[in-house]
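Numbered per the numbering used here, the sequence shown spans residues 16 to 98. The beta-carbon is built from N, C-alpha and C at its ideal position, and this holds for glycine as well. Keep in mind that this is a model prediction, so the values were computed, not measured.
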Amino acid sequence: MSVFEAGMMICFGVSWPIAACKTYKAKSVKGKSLTFSCLILVGYICGVIHKIFFYYDWVLWLYVLNMFFLLTDMFLHLKYRNK
């Protein structure tokens with residue numbers, strides 16, 4: 016297990032719920048990019064695949080949690096994009 020990978024995932028893990036809350040409160044996605052979020056999602060999926068097939072450890076669950084929060088933010092983006 017890499018302490019640095021876990022640290023990165025924890026930092027991202029704190030950022031996504033904050034971003035989702037801001038989107039929900041503002042009901043605006045001004046300045047957000049769905050393309051950017053999709054690229055990050057692909058990165059998380061690659062990380063999950065690596066953890067499952069090559070180096071399974073508890074950091075996998077940080078990837079899953081981050082993907083959940085990112086998908087929540089992406090859902091809010093789609094919901095509020097025309098407002």
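Proximity to residue i [Cα-Cα], best of the options
i	options	result
N97	S30, F19, S43	S43
V63	C53, K45, M82, F19	M82
F84	G28, M23, K45	G28
F90	M23, M24, F68, L49	L49
D88	I67, C53, F69, M23	C53
K94	Y78, S30, A41, C61	A41
Span separating the alpha-carbon of residue i from that of residue j
i	j	result
A21	V74	6 Å
V57	A35	19 Å
V18	D72	12 Å
K37	L86	15 Å
M24	F69	18 Å
S30	I67	24 Å
Where the alpha helix (DSSP H) through residue i begins and ends
i	result
F27	18–41
V74	74–95
F51	49–68
Spatial neighbours of residue i in its chain, beta-carbon cut-off 7 Å, leaving aside the 5 residues before and after
i	result
L80	G28
Proximal residues to residue i (C-beta, below 8 Å), its chain only, five neighbours per side dropped
i	result
I60	M82
L77	A21, M24, I25, G28
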